[in-house]
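In this note's numbering, the protein residues as written are 11 to 45.
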């Protein structure tokens with residue numbers, strides 16, 4: 011699950027959310043965290 015500004019923006023299995031992010035916000039977050 012990815013929560014942005016207090017709202018759920020993406021949800022699903024960990025593999026799906028991490029491997030196939032649908033929003034640019036999650037892609038940006040993962041790019042900053044998973045160096």
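Cβ atoms here follow ideal geometry from the backbone N, Cα and C, with glycine treated the same way.
Pairing residue 14 with residue 35 gives a Cβ-Cβ distance under 8 angstroms. Under the three-state reduction of DSSP output, residue 35 falls in the helix class. Across the structure, residue 43 and residue 20 are spaced so that their CA atoms are roughly 17 angstroms apart.
For the 8 angstroms CB-CB criterion, residue 27 and residue 12 form a contact.
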